[in-house]
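Heads up: the structure comes next, in structure tokens.
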Amino acid sequence: MRWLIPCLFLIFSNPCVNCYFITVDAHAEECFFDNVEAGTKMGLTFEIAEGGFLDIDVKIIGPDGKIIYQGDQESSGKYTFAAHLPGIYTYCFGNQKSSMTPKVVMFNMDIGENTKPIEQTSDGKNSDPNHNKIDDMIKELSTSLWSVKNEQEYMQVRDRNHRAISESTNSRVVMWAFFEAMVLVCMTIGQIFYLKRFFEVRRVV
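For the sequence shown, the positions run -19 to -1, 1 to 186 when mature numbering (1 follows the signal peptide of the UniProt record, and there is no 0) is used.
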């Protein structure tokens, strides 16, 4: 049982994943930065929660100014890559194409770890391979747990978006049905008065 506490600590502290909700105004761009070493596994997952047609421009720029990934008018996405150079990597969300509607973006920046060399004991021998295997399995489990957590958060955002669309459509259908009913009632009353006047007998005194 001594290994249980360190295992739980590794599971919940090993990956560096930050979840953010930001608002990108019309004709604006919001950028975020991560300083990592070469070979670090990185990932960006995003979902548009509110605003307009639920689309936004996404761009990932390396420390050398090279565009690693670029997408136009995307509503959601997931992109994973390995850092080719040490330095600051930039994630940008652009809403320049929107005339007046701000966008609410939910995104995660997943920063992995570099591949570490095999640990050695004081006498120069490699550490226990079973211990290293357990560490690798814990890291894989930790990554899987974070992936499940992120997917649940994105499913909640999608469910909220779809519910809002369904409620908006339902309210429009109800209003249109009410308008049609009022038009039918007015036409019926108008026809009754017209027929009443048409068959009315006028007497000259």
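Glycine included, every Cβ here is placed at the ideal spot set by N, Cα and C.
Bounding residues of the beta strand (DSSP E) (the contiguous stretch that carries residue i)
{"i": "residue 81", "result": "First-last for residue 81: undefined, no H or E at that position."}
{"i": "residue 25", "result": "22 to 31"}
{"i": "residue 46", "result": "Note, residue 46: premise wrong, no beta strand (DSSP E); not H, not E."}
{"i": "residue 19", "result": "Taken as a continuous stretch (DSSP letters only), residue 19 belongs to no beta strand (DSSP E), as it is neither H nor E."}
{"i": "residue 57", "result": "57 to 63"}
{"i": "residue 74", "result": "68 to 75"}
Cβ separation of residue i and residue j, assumed to be a contact under 8 Å, to the nearest whole Å
{"i": "residue 88", "j": "residue 25", "result": "7 Å"}
{"i": "residue 158", "j": "residue 76", "result": "Contact flag wrong, Cβ pair sits at about 36 Å."}
{"i": "residue 23", "j": "residue 93", "result": "7 Å"}
{"i": "residue 61", "j": "residue 12", "result": "That belief does not hold up - the Cβ atoms of residue 61 and residue 12 are roughly 20 Å apart, past 8 Å."}
{"i": "residue 27", "j": "residue 86", "result": "6 Å"}
{"i": "residue 83", "j": "residue 164", "result": "With a Cβ gap of about 37 Å, residue 83 and residue 164 do not count as contacting."}
{"i": "residue 155", "j": "residue 30", "result": "Contact flag wrong, Cβ pair sits at about 26 Å."}
Beta carbon of residue i nearer than 9 Å to that of residue j
{"i": "residue 18", "j": "residue 38", "result": "no"}
{"i": "residue 90", "j": "residue 1", "result": "yes"}
Among the options, nearest to residue i - alpha-carbon criterion
{"i": "residue 58", "options": "65, 46, 36", "result": "36"}
{"i": "residue 69", "options": "42, 129, 125", "result": "42"}
{"i": "residue 40", "options": "81, 33, 49, 172", "result": "49"}
{"i": "residue 145", "options": "2, 176, 33, 131", "result": "33"}
{"i": "residue 21", "options": "79, 125, 64", "result": "64"}
{"i": "residue 16", "options": "67, 9, 117, 2", "result": "67"}
{"i": "residue 79", "options": "9, 161, 170", "result": "9"}
Starting from the N-terminal side, write out each stretch of the beta strand (DSSP E) that is 3 residues or longer and does not extend beyond the segment 112 to 148. none
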